[in-house]
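In my numbering, each number is its position in the sequence shown, counted from 1, plus 587.
All residues carry an ideal CB built from backbone N, CA and C; glycine is no exception.
Structure first, then comments.
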Amino acid sequence: MPRMLRIQFAGAIYHIFSRGDFKQDIFRQEDDKAYFLRLLRTGAERYGINIFTYCLMNNHYHLSIRISSENLPEFMHYLGSSYANYLVRGGWLGHVFSGRYKSICVKEEEYFLIVNRYIHLNPVEAAFAGKPEEYAWSNYCQCVDGGNESWIEERWLEEYFGPGLREARLRYRQFVEAAMGMGSSYPENEVVAQALLGSEDFVRRIKASIREKEWPKDVIGRRDLERIVSLKETYEAVCHLVRPAGLECGDYRHDEDYRHACFVLIDLAREYTPASYNDIAELLGGISGNAVAHRFLRMKERIAKDSMMHAKVDADKKRIIEALKRG
């Protein structure tokens, strides 16, 4: 079975998500949720985990957390196995959770705040409550009104919505309420390889570090993670280093330099970005994705028969890759 990638470094922030096997309820009564929260507190204290937000639904839960050392698997093993043992003692038969938990490493203010808001709006989106403060099994009320859960990390509220905790609570409430009734605001399309959520710079830095490691071939999203740049960055590098005149216009049939630059762009984009032929066609303009693919394959055949062209392509690709790695 393919494995989820676990990205770990001290100070990393994660959106954690885990669901019951076959989507069955893992919290069947309020006592179950209360017991899970006791485990969450104990685990956070034992492993040095900061808990920012949480929400326990009937068949799944969400956490927003930060680790102080590379011990996410140990913390999650404690949480999951301890709760599963609790259910088994109560007569549960079979698996409790549906496979491994999901952990998305989150970076940058925008995404961190969106994840926290998404977690707190989960009961509203699921029609469990009309307002997030009406749902008892999240820490939303703690965030906006204060409370006695001293093990919850609240300094982020002042950092992003301060100054002053009282003002920060009010502003966070306004931030959450502004998204009510608008559907899920979770940026799923921006999650890379089911493991990363952040700016292009953050994703590129993580990818660059991953390329230095030997990852098992069965890691989900391994191919995406080994790609280190965006299509836009690649395009700009090709224009700067190979085709200063740009690629917005050119005579593909008669301009050899233009054909060469287009081939280098397509080749790099296919190898180092998640872009499709259609994406490349949209960037170049005036051409279809199928035409891009056709031109690329024809040029590839030509280059394979011409050692000088092959050497020129390799040299230009190497220069561009080095420039992109330097940022």
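query                                                                                                                                                         : result
When DSSP labels each residue in this structure, what does GLY876 get in the three-state scheme?                                                              : helix
Taking the Cβ atom as the reference point for each residue, do LEU834 and ALA848 lie within a distance shorter than 8 Å?                                      : yes
Out of SER875, ARG792, GLY733, state which residue places its alpha-carbon closest to the alpha-carbon of CYS692.                                             : ARG792
Which partner residues of LYS640 appear in the DSSP bridge assignment?                                                                                        : As written in the sequence, residue 640 is Thr, which differs from the Lys given in the question. Note: THR640 sits in a beta bridge opposite SER651.
What does a CB cutoff of less than 8 Å around LEU784 pick up in its chain, not counting 5 residues either side in sequence?                                   : HIS602, ILE691, CYS692, VAL693, LYS694, TYR698, VAL702, PRO774, GLU777, VAL778
With DSSP as the reference, identify every bridge partner of LEU624, one or two as the case may be.                                                           : None; LEU624 has no bridge partner.
Can you tell me where the alpha helix (DSSP H) holding HIS827 begins and where it ends?                                                                       : 818-828
Quick check on MET588: buried or exposed, where buried means 16 or more other Cβ atoms within 10 Å of its Cβ?                                                 : Unreliable positioning characterises MET588 in this predicted model, as indicated by a pLDDT of 46, which lies under 50. A coordinate reading is not provided.
With distances taken from CA atoms, which of LEU643, ARG606, THR860, MET767 is nearest ASP619?                                                                : LEU643
How far does the beta strand (DSSP E) with PHE604 in it reach, from first residue to last?                                                                    : 600-606
Just to confirm, is the Cβ distance from ASP854 to LYS904 under 8 Å?                                                                                          : yes
Could you check whether ALA621 and TRP738 sit closer than 8 Å to each other, using their CB atoms as the reference points?                                    : no
Nearest by alpha-carbon distance to ASP838: which of THR821, LYS610, LEU871 is it?                                                                            : LEU871
Can you tell me whether LEU744 is helix, strand or coil according to DSSP?                                                                                    : helix
Consult DSSP for ASP867 and reduce its assignment to one of helix, strand or coil.                                                                            : Before going on, a small fix: residue 867 reads as Ile here, not Asp. DSSP places ILE867 in helix when its eight states are reduced to three.
Suppose you measure from the CA of PRO660 to the CA of ILE613; what does that come to, to the nearest Å?                                                      : 21 Å
Helix, strand or coil for PHE596, going by three-state DSSP, please let me know.                                                                              : coil
Any heavy atom of the ligand ZN inside 7 Å of the beta-carbon of ARG704?                                                                                      : Ligands are entirely absent from the displayed structure, and the ligand ZN is therefore not among its contents.
Mark VAL675 as exposed unless 16 or more other C-beta atoms lie within 10 angstroms of its C-beta, in which case mark it buried.                              : exposed
So if DSSP puts VAL693 in a beta bridge, which residue, or which two residues, is it bridged to?                                                              : ILE600, LEU784
Confirm, please, whether the CB-CB distance from SER605 to TYR918 is below 8 Å.                                                                               : This structure cannot settle anything about residue 918, because the visible part of the chain is limited to 588 through 914.
Using a Cβ-Cβ cut-off of 6 Å (strictly less than) and excluding sequence neighbours within five positions of GLY876, which residues of its own chain qualify? : TYR864, ASN865, ALA868
Where DSSP assigns a beta bridge to LEU779, which residues make up the other side?                                                                            : The residue asked about is misnamed: residue 779 is Val in this sequence, not Leu. DSSP, once it has assigned bridges, lists LEU783 as partnering VAL779.
Give me the Cα-Cα distance between ASN726 and TYR665, rounded to the nearest whole angstrom.                                                                  : 21 Å
Helix, strand or coil for ILE613 per DSSP?                                                                                                                    : coil
Is the beta carbon of VAL900 closer than 8 Å to that of ILE908?                                                                                               : no
Between which residues of its own chain and LEU650 is the CB-CB distance below 6 Å, once the five residues before and five after are set aside?               : ILE603, TYR641
Helix, strand or coil for GLY677 per DSSP?                                                                                                                    : coil
HIS707 and VAL790 - do their beta-carbons sit closer together than 8 Å?                                                                                       : no
With a threshold of 16 other CB atoms inside 10 Å of the CB of ASN709, please say whether the residue is buried or exposed.                                   : buried
Tell me which same chain residues have a C-beta within less than 6 Å of the C-beta of ALA862, skipping the five on either side of it?                         : LEU818, ALA856
Where does PHE715 sit, in a helix, a strand or coil, going by DSSP?                                                                                           : coil
Helix or strand or just coil, what does DSSP make of MET588?                                                                                                  : With a pLDDT of 46 at MET588, under the threshold of 50, the predicted position of this residue should be treated as unreliable, though the coordinate-derived value follows. Looking at MET588 - three-state DSSP - the assignment turns out to be coil, as it is neither helix nor strand.
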